[in-house]
Amino acid sequence: MFRPGRSGKQSAILKLLFDLLLIGQAEGEKNVGVDATVITSQQAKGLETRIKKKGGAGLLGLSINLIDEVWGADRPERPNNPVMVLDKKYSGKEFPLKIEAVRKDLENKKSPGFVVSMLDEIAWLFNLRGTDIPYNPVFFSYAFVTPKSTTLYIDSSKLDEKVIAHLGSAVQIRPYNVIFDEIILLAQEFKEGQAQKDLKAGEEGGKWLVSNRTSWALSKALGGEDSIEVIRSPIEEEKAVKNDTEREGMKGCHIRDGAALIEYFAWLEDELLKGTKIDEGQAADKLEQIRSRGENFMGLSFDTISSTGLNAAVIHYKPEAGNCSVIDPKAIYLCDSGAQYLDGTTDTTRTLHFGEPTEMERKSYTLVLKGMIALDRAIFPKGTSGFALDILARQFLWSEGLDYRHGTGHGVGSFLNVHEGPFGIGTKIQYSEVALSPGMFVSNEPGYYEDGSFGIRIENIIMVKEVKTNHNFGDRPYFGFERVTMVPMCRKLIDTGLLTPAETKWLNSYHAEVFDKTHEFFEEDSLALKWLRRETTPI
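Reading the sequence shown from the start, the letters are residues 1 to 539 in UniProt numbering.
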């Protein structure tokens, strides 16, 4: 029941937990048990502190999940799908070089080893991809890197001859379910000095490195606080900065994906204006069908948010087959969608109107658009975080006493998770901890949501790049953004009277770029090309 990152649900669960503790105080102090594999050491420490303040004895990390025990034989089997090799023409870097970079961190920290438990980090490290988790091309596994060896803990039935040949002698394959036993044994041997010579840690007394997102169970297996150093994963940081091959792949797949969205929006508008009844789920299915024809398509990157009217005010709305609304051509339509391609991952949101929008809808859309343009045009010195830039996207809404209850931007993987860290753009303090660097891809997605009426969000993916400036204060480089998403804005929703000349110039420049990069995907006189021409005509 405890899911990291779900603060609202966690608060309700913790309140119930603390109420039960208070009820049981008359019978003596109570311990609270938790599945130690689904909570980090930091979360465990914070939870234990709160439990003790409420009269509990402490927190126990359990080796079994009690929910699974109750579930019994009815519990679905863990997915065990095949793993595939991601060719270097998409990854841009051989995996042994990535492992050597991790070993360099071990050397610098004088550490005997690093446990890798985040699935996207493992997939990236070994240039492998899987399908064990919907929309995320990852696979169930663990990895352990020492100065001399690399071990991948995975069910061997997932690996075909191509994967085994790809890993070769550089990686030892061990069963997925032996990770804890082997880590405990290795930690004990190291503590007793028996493994020091083999591991060549560099200095006696070095600590195991674990990510700040590693489970409490793994941290305890390595000996707990006295034996580990909790760090931000070096793999996470390197993965976030895309290499040249990944950058070109991300740009290319966004152009193809943009063409798919253009075809979809043109089709949807035409059908709705002809009077065809299309519900939100049917529309989402049509978009997936169009995308699936594209080069290198591997599936969606998340559930498509296809929402009409008041449903668009629900930030994470999901249409359910047989229980969703028919799209109203007289109301706002919000579509937030993305796809996985061999050469990248996409995430685009557009808000459209197929009838006559209200004055409030046009004003709200334009305020959101102005914020998005302001962030896109930002130039900032090296060392600047997304926390510092967030206000650029909100400023015009704030000036009207409006706002939105979500972050402005998240990192995006390259044929990996559509949400990735360790950086982002938003008001959360953790976004101040990691500076934006060239090669990072991040979303730019301000919005506004009028409860019970309509919702607006505009989302582009942008890439951090170095830019030239007239001066060089502080003798440090300055960065800006390169537009990657290629889909027009909704002209009908723009109040041009609210745009400055600079914003109008940006919009016309963007639309010219969209047309230039996508029009060749469509035949002359096609519905999509006509729609594209109309929506990208200069204002």
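Virtual Cβ for every residue (Gly too), placed ideally from N, Cα, C.
Computed from a predicted structure; not experimentally measured.
Where residue i falls: helix, strand or coil (DSSP)
i      : result
His519 : helix
Thr308 : strand
Asp68  : helix
Ser157 : helix
Glu225 : coil
His419 : coil
Asn108 : helix
Lys465 : strand
Arg174 : strand
Asp35  : strand
Val326 : strand
Thr49  : helix
Leu499 : coil
Ser169 : helix
Thr214 : coil
Met298 : strand
Gly455 : strand
Gly344 : strand
Glu450 : strand
Within-8 Å CB hit, residue i to chain D
i      : result
Ile179 : Of the protein chains in this structure there is only one, and it is not chain D.
For residue i, the residue or residues it bridges with in DSSP
i      : result
Cys335 : Ser306 and Arg350
Asn460 : Asn444
Arg483 : Ile462
Tyr317 : Beta-bridge pairing links Tyr317 to no other residue.
Leu59  : Val32
Thr536 : DSSP, once it has assigned bridges, lists no residue as partnering Thr536.
Pairwise C-alpha distance: residue j and residue i
i      : j      : result
Leu310 : Lys517 : 34 Å
Ala312 : Met489 : 17 Å
Glu400 : Lys363 : 10 Å
Lys382 : Val38  : 36 Å
Glu69  : Asn417 : 30 Å
Leu152 : Val83  : 13 Å
Tyr241 : Gly275 : Here residue 241 turns out to be Val, not Tyr, going by the sequence shown. Between Val241 and Gly275, the C-alpha separation is close to 47 Å.
Tyr333 : Ser307 : 6 Å
Phe114 : Trp208 : 6 Å
Gly426 : Arg50  : 27 Å
Ala266 : Tyr478 : 39 Å
Asp328 : Lys428 : 36 Å
Ala331 : Leu287 : 20 Å
Glu161 : Arg78  : 23 Å
Val388 : Gly206 : Per the sequence presented here, residue 388 reads as Ala, with Val not at that position. Rounded to whole angstroms, Ala388 to Gly206 spans 36 Å at the Cα level.
Gly497 : Ile539 : 11 Å
Asp244 : Thr150 : 26 Å
Ser117 : Lys104 : 19 Å
>> With a threshold of 8 Å, are at least 3 pairs of Cβ atoms found where one atom belongs to the region 41–52 and the other to the region 210–223?
In response: yes
> How about the region 219–229 and the region 179–194: do they share at least three Cβ pairs that are nearer than 8 Å?
Replying inline: Result yes; three or more Cβ-Cβ pairs closer than 8 Å.
>> Quick test of the definition: if touching needs 3 or more C-beta pairs under 8 Å, does the region 295–305 touch the region 132–149?
In response: yes
> What runs of the beta strand (DSSP E), each 3 residues or longer, lie entirely inside the region 82–145?
Replying inline: 114–116 and 142–145
> Curious, which full-length beta strand (DSSP E) runs of at least 3 residues does the region 363–446 contain?
Replying inline: 409–411, 420–425 and 441–444
> Do the region 479–495 and the region 340–360 meet, that is, are 3 or more Cβ pairs less than 8 Å apart?
Replying inline: In this structure the region 479–495 touches the region 340–360; the number of beta carbon pairs closer than 8 Å is three or more.
>> I'd like the ranges of any alpha helix (DSSP H) spanning at least 4 consecutive residues and lying wholly in the region 232–286.
In response: 234–240 and 244–273
>> Does the region 313–333 come into contact with the region 417–436, if we say contact requires no fewer than three beta-carbon pairs (one atom in each stretch) closer than 8 Å?
In response: No, the region 313–333 does not touch the region 417–436.
> On the three-pair Cβ rule with 8 Å, is the region 54–67 touching the region 102–111?
Replying inline: With the cut-off at 8 Å, the region 54–67 and the region 102–111 do not touch.
>> Whether or not the region 230–238 and the region 250–263 are in contact is what I'm after, with contact meaning three or more pairs of Cβ atoms, one per stretch, closer than 8 Å; do they touch?
In response: Result no; under three Cβ-Cβ pairs closer than 8 Å.
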